[in-house]
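Numbering (this note's numbering), first residue to last: 899 to 1019. Report on one structure; see the data block that follows.
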Amino acid sequence: MIAALTLLLVFQLVGEVIARGLALPVPGPVIGMALLFLALMLRGGPGEDLRQTAGQLLQHLSLLFVPAGTGIVLYGDRIAAEWLPLLLALFLSTFLAIAVTALVLSALTRKRRDASGGTQR
899 MIAALTLLLV FQLVGEVIAR GLALPVPGPV IGMALLFLAL MLRGGPGEDL
949 RQTAGQLLQH LSLLFVPAGT GIVLYGDRIA AEWLPLLLAL FLSTFLAIAV
999 TALVLSALTR KRRDASGGTQ R
């Protein structure tokens, strides 16, 4: 488990270094996760140790929301003052996520249908 946690933290660290070194507007852990994803794709998937460690982390996922909840309580006044932009950003990002997911699903089903020799519209 220690090796798998170390692997996860190393990728997060590399992502942080890249994000801060290049002044990217993307959080370092997101970059690290993308790099981990690419590494696992090249490797052929996660090993059993990483798979078990990820499962253990997912079982305790609710603990990871404690800092976010604390932030909401800590910055309640600011959230109350800027509720409209936050609400607009929330709805816009949700709509965009649903739209992109629908477009990707549509493209993938079309590609699968074309590859299997299905009828085209």
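Backbone N, C-alpha and C fix where the C-beta goes; we use that ideal spot for every residue, glycine too. Since the structure is predicted, the reported quantities are computational estimates derived from the model, not experimental observations.
Close Cβ partners of residue i (< 6 Å) along its chain, the five nearest in sequence each way excluded
i	result
residue 1022	The shown model of the chain, from 899 to 1019, leaves out residue 1022, and the question about it has no answer.
Buried or exposed (CB count within 10 angstroms, at least 16 for buried), residue i
i	result
residue 902	buried
residue 907	exposed
residue 969	exposed
residue 926	buried
residue 992	exposed
residue 951	buried
Coil, strand or helix - residue i by DSSP
i	result
residue 921	coil
residue 944	coil
residue 980	coil
residue 931	helix
residue 960	helix
residue 991	helix
Sub-8 Å separation of residue i and residue j beta-carbons
i	j	result
residue 909	residue 933	yes
residue 938	residue 944	yes
residue 905	residue 940	no
residue 988	residue 977	no
Beta-carbon proximity list for residue i, same chain, < 7 Å, skipping 5 on both sides
i	result
residue 876	Beyond the ends of the chain as shown, which are 899 and 1019, falls residue 876; an answer cannot be given.
Residue range of the unbroken alpha helix (DSSP H) whose run includes residue i
i	result
residue 967	964-972
Own chain residues within Cβ distance below 8 Å of residue i, not counting five before or after
i	result
residue 1006	none
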